[in-house]
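J.: Here the protein sequences come in this chain order: E and P. Mapped onto numbering that gives the first Met the number 0, the consecutive letters of the first sequence carry residue numbers 0 to 339. Mapped onto numbering that gives the first Met the number 0, the consecutive letters of the second sequence carry residue numbers 0 to 334. There's a structure below that I have some questions on.
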Amino acid sequence: MNQDTLLEIKNIYISVELDGHSLPIVEDVSLSLKAGEILALVGESGCGKSVTAQSIMQLLPKPLKIESGEIKMNSHKQGKIIDITKMDPRGAEIRKIRGNEIAMIFQEPMSSFSPLHTIGNQLMEVIRIHRKASKPKAKAIAVEMLDKVGIPGAARVVDQYPHELSGGMRQRAMIAKALSCNPTLLIADEPTTALDVTIQAQVLTLMHGLQSEFGMAIIFITHDLGVVAQVADRVAIMYLGNIIEQGTVREILKNPKHPYTVNLIEAVPRLGRLEGRKALVPIQGSVPSLYDRPVGCPFVTRCTRVINNRCEEAMPRLLSMSTDHQVACFLYDSTEGETS
Amino acid sequence: MEPLIKIRDLDVTFPIGKSGFFGKPTAYLQAVSGISLDIHKRETLGLVGESGSGKTTLGRAILHLEKPTRGKVELRLDDEYVDLEDLNTKELRKIWRHMQMVFQDPYASLNPRMTVREIIAEPLVVNRKGNKNDILEKVEKVAEMCGLQRDQLGRYPHAFSGGQRQRIAIARALALMPQFIVSDEPVSALDVSIQAQILNLFKELQNKLGLTYLFIAHDLATVAHVCDRVAVMYLGQIVELTETEKIFYSPKHPYTEALMSAIPDIDPDRKMNPVLSSGERPNPANPPSGCRFHTRCRYVEPHCKEVQPELSEIVEGHFVACHRAESLTLQGAIE
């Protein structure tokens, strides 16, 4: 593992146990993340983006299991490289990581705060466990964090309950909680989807500011390509449990190669096209269910550029188009018959 | 041209808080406050604003699914205006043939125990539109128009994906051949790749049947794409109303500016430059005095805190409720 690499996911394979069958939900996904980088994980519901992120914290719900692969992290606080997949999801080792080195924020802040405890108590809990601070010290840190995320009157808010805050303020409080132990990696699972556009802009601006201040890396899960373009450095597009294209944001959004990425960009209404107001070009069909996962390329059932005898038979490899642009599609794979 | 729907001084007030179980309400929340609006035939009017601004309540009040506390709604039928206020429930049901609603969540709005054929046929049966064979024929016709295959009609909603379900919901709304459809966030529960299919279907049906839409949505890019005119709501009031291009690129109300400049564009070279409105959204049960936006407005003047601005036409077809509308130069969405 490279020195400046923070996180490396290698050939991770996650399955779900349904009606006695084991179905793949994330297939052979590899990702790497540098320190201080913002990576966007994009895809439609059910593509495995949240599951991939949860596996990084060993937070997979019961029927889901990591079958194989490794998730390695360069732990700055422990000064060594650790393999998260080897840890017991309920053990002490992973608890040292969760909330401390890797923190997570969710789409709906109401459901990730306990309604029975004050904002301050919930922040102090994290701080006291991981930073071994005394109660008054922890409270001071909590107020400082709330202030940093732009909550007016932080000293008062610290004693309030989550229901007393508005959606945007709650999201800020959750960010404060996530950042209170100075994590090196922040996983943000659709953090702005439930927010109004003006509040979304505030939260995105805030996250960008905090990212440059704290220098943490962010994995940003979203389905909104606009948000991706505005905040991320790199992007990985997922479809049915596979990464089908990844690279720098500019490269992927301006020069997409995979038919799914191309179609997705075409299908999204955009302001710039207002004059013409042409009909949008929709993607035919819909995402197949887990039970109907097609053989070969996962996008084959909806693709308009299927190559006979190839796409239905094997999963294309992720090939490099340029230094930072990889795509998994047979249109760009000239090697005959070879699969991996 | 005479508008299809005339809305005048519409108020919808909900009682909130109670003094004891049988007690009287202690306060009232004005979800829609003094809205006047014309909706023209064959147009798509967009309704935007943050959550809690009263978009859905206005949509429901226009259909009288929610009884307005004040004001009136008139629908033009055969060259005459019908005032919905005067109608009893039975007469309202007849009017609803001409006005229908499509809801946000196609998973919650279809009865799981009815087949698709029964779902689409239900409004026809209720309104006694012909005998069994006529109805079945109509169902098939409207289903086909909405992109559903004939052999799918015997199935139950659970067998369909989100996009297909929304087609069923649209087919049901269209079964009585209404003139006006309120669609409340019709695509926001759908996957990105499916949204385009449904948006195109809306457009296609409008061209074919001459429909008029009230399109409620929070995704501004979608609104820009489908709407002819857009009304911006803030705390129960319309603050700006005009053609889509003007709303997006030359807004005249500071709140519209805050909305439009916050749209994240898909082009990474066009970084957004949000004009952030300061402060928190006020409690709708206790709106600020004067202009309701003054607590967050960056152009606020003392006058704004006292006098409520009227929605007035500053240029032809451009309505703004702001004291400073004519003197401010505001930023729109990135062009």
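Glycine included, each C-beta is placed from N, C-alpha and C at the ideal position. Just so we're clear, the structure is a prediction, and the values are computed from it rather than from any experiment.
(1) Here's the rule: buried if 16 or more other CB atoms are within 10 angstroms of the residue's CB, otherwise exposed. What is R169 of chain E?
(2) Counting Cβ pairs, one atom from each stretch, are 3 or more of them under 8 angstroms apart for the segment 171-181 of chain P and the segment 248-259 of chain E?
(3) Can you tell me which of E:R301, E:M109, E:V286, E:N99 puts its alpha carbon nearest to the alpha carbon of E124 of chain E?
(4) Under 8 angstroms between C-beta atoms, does I282 of chain E make it to chain A?
(5) In the segment 51-68 of chain P, which residues sit with their C-beta less than 8 angstroms from some C-beta in chain E, listed in chain order?
(6) Flag this pair as yes or no: are the beta carbons of T221 of chain P and R41 of chain P separated by less than 8 angstroms?
(7) For A139 of chain E, name the three-state secondary structure that DSSP assigns.
(8) For S14 of chain E, which residues in the same chain have their Cβ closer than 7 angstroms to its Cβ, ignoring the five residues on either side in sequence?
(9) Is the Cβ of G336 of chain E closer than 8 angstroms to any Cβ of chain P?
(10) Among the residues of its own chain, which have a CB less than 6 angstroms from the CB of Q29 of chain P, if the five just before and after it don't count?
(11) For N199 of chain P, which of helix, strand or coil comes out of DSSP?
(12) For a contact defined as C-beta to C-beta under 9 angstroms, what are the partners of A172 of chain E on chain P?
(13) Looking at the C-beta of P253 of chain P, does it have a partner C-beta in chain E at a distance below 8 angstroms?
(14) Taking DSSP's pairing of strands, which residues face A26 of chain P in a bridge?
(15) S249 of chain P to C302 of chain E, Cα distance in whole Å?
(16) Apart from the five residues on each side of it in sequence, which residues of its chain come closer than 6 angstroms, Cβ to Cβ, to A132 of chain E?
(17) Once the 5 residues before and after P315 of chain E are set aside, which same chain residues still bring their CB inside 7 angstroms of it?
(18) What does the alpha-carbon distance come out to for the pair K136 of chain E and M144 of chain E?
(19) Find out if the Cβ-Cβ distance for the pair S18 of chain P, T25 of chain P is shorter than 8 angstroms.
(20) Using DSSP with H/G/I as helix, E/B as strand and the rest coil, what is S31 of chain E?
(21) Counting only beta-carbon separations shorter than 8 angstroms, does R155 of chain E have a partner in chain P?
(22) Mind checking the segment 180-200 of chain P against chain E and listing, in chain order, the residues whose C-beta falls within less than 8 angstroms of any C-beta there?
(23) Go to L310 of chain P, then tell me how far its beta strand (DSSP E) extends in each direction, as first and last residue.
(24) Report the partner residues of S319 of chain E according to the DSSP bridge assignment.
(25) Quick check: the Cα distance between L38 of chain E and I104 of chain E, rounded to an integer number of angstroms?
(26) Assuming S182 of chain P is part of the beta strand (DSSP E), what are its boundary residues?
(27) Using a Cβ-Cβ distance under 8 angstroms, would S339 of chain E count as near chain P?
(28) Hey, quick one: how far does the beta strand (DSSP E) through S67 of chain E stretch, first residue to last?
(29) Just to confirm the assignment, what range does the alpha helix (DSSP H) spanning E136 of chain P have?
(30) Determine, using beta carbons only, whether V267 of chain E comes closer than 8 angstroms to chain P.
(31) Which residue spans inside the segment 85-113 of chain E form an unbroken alpha helix (DSSP H) run of at least 4?
(32) Taking C-beta to C-beta, are A332 of chain P and F247 of chain P nearer than 8 angstroms?
(33) Can you name the residues that DSSP bridges to P23 of chain E?
(34) With I118 of chain P and L109 of chain P assumed to form a contact (beta carbons below 8 angstroms), what rounded beta-carbon distance in angstroms separates them?
(35) Does the count of Cβ pairs from the segment 65-79 of chain P and the segment 141-160 of chain P closer than 8 angstroms reach three?
(36) Distance check for Y233 of chain P and L327 of chain P, CA to CA, integer angstroms please.
T.: If we stick to the structure as given:
(1) Within a 10 Å sphere around the beta-carbon of R169 of chain E sit 16 or more other beta-carbons, which makes this residue buried.
(2) Too few Cβ pairs lie closer than 8 angstroms, so no.
(3) When only C-alpha atoms are compared, the closest one is E:N99.
(4) No chain A appears in the structure shown, which is made up of the protein chains E and P.
(5) Cβ contacts with chain E come from no residue of the segment 51-68 of chain P.
(6) Against a cut-off of 8 angstroms, the Cβ pair of R41 of chain P and T221 of chain P comes out as no contact.
(7) Per DSSP, reduced to three states, the secondary structure at A139 of chain E is helical.
(8) Closer than 7 angstroms at the Cβ level, and outside the excluded window around S14 of chain E, lie S21, L22, P23, I24, K64, E66.
(9) Note that G336 of chain E scores 47 on pLDDT, short of 50, meaning its location in the model is unreliable; the coordinates nonetheless yield the value given after this. Contact of G336 of chain E with chain P is not assigned, every C-beta pair being separated by 8 angstroms or more.
(10) Its chain contains T12, G235 as the residues whose beta carbon lies nearer than 6 angstroms to that of Q29 of chain P, once the 5 sequence neighbours on both sides are disregarded; these appear in chain order.
(11) N199 of chain P carries a helical assignment under DSSP once its states are collapsed to helix, strand and coil.
(12) Under the 9 angstroms cutoff, chain P gives no residues; its nearest Cβ is about 13 angstroms from A172 of chain E.
(13) P253 of chain P is outside the set of residues whose beta carbon lies under 8 angstroms from a beta carbon in chain E.
(14) Answer is P:I15.
(15) Between the C-alpha atoms of S249 of chain P and C302 of chain E there is a straight-line separation of about 40 angstroms.
(16) Answer for A132 of chain E: I126, listed in chain order.
(17) C296, A327, C328, F329, D332, listed in sequence order.
(18) If you draw a straight line from the Cα of K136 of chain E to the Cα of M144 of chain E, it comes to about 12 angstroms.
(19) In contact: S18 of chain P and T25 of chain P (Cβ atoms closer than 8 angstroms).
(20) In the structure shown, S31 of chain E sits in a strand (DSSP, three-state: E or B).
(21) Cβ-Cβ to chain P under 8 angstroms: no for R155 of chain E.
(22) For the segment 180-200 of chain P, which is checked against every Cβ of chain E, the residues closer than 8 angstroms are D190, V191, S192, I193, Q194, A195, Q196, L198, N199.
(23) Unbroken run through L310 of chain P: none, as it is neither H nor E.
(24) According to DSSP, residue pairing for S319 of chain E in a beta bridge involves E:Q325.
(25) Going from the Cα of L38 of chain E to the Cα of I104 of chain E covers about 15 angstroms.
(26) 179-183 is the span of the beta strand (DSSP E), which, as asked, contains S182 of chain P.
(27) With a pLDDT of 41 at S339 of chain E, under the threshold of 50, the predicted position of this residue should be treated as unreliable, though the coordinate-derived value follows. For S339 of chain E, no Cβ of chain P is located within less than 8 angstroms of the residue's own Cβ.
(28) S67 of chain E -> beta strand (DSSP E) spans 63-74.
(29) Going by DSSP, E136 of chain P is part of the alpha helix (DSSP H) stretching over 131-144.
(30) True, the Cβ-Cβ gap to chain P drops below 8 angstroms.
(31) Fully enclosed alpha helix (DSSP H) runs of no fewer than 4 residues occupy 91-96, 108-111 of the segment 85-113 of chain E, in order along the chain.
(32) Between A332 of chain P and F247 of chain P, the gap from beta carbon to beta carbon is short of 8 angstroms.
(33) Its beta-bridge partners are E:S14.
(34) I118 of chain P to L109 of chain P, Cβ: 6 angstroms. Contact.
(35) Judged by pairs of C-beta atoms under 8 angstroms, the segment 65-79 of chain P does not touch the segment 141-160 of chain P, as fewer than three such pairs exist.
(36) Rounded to the nearest whole angstrom, the CA to CA distance from L327 of chain P to Y233 of chain P is 19 angstroms.
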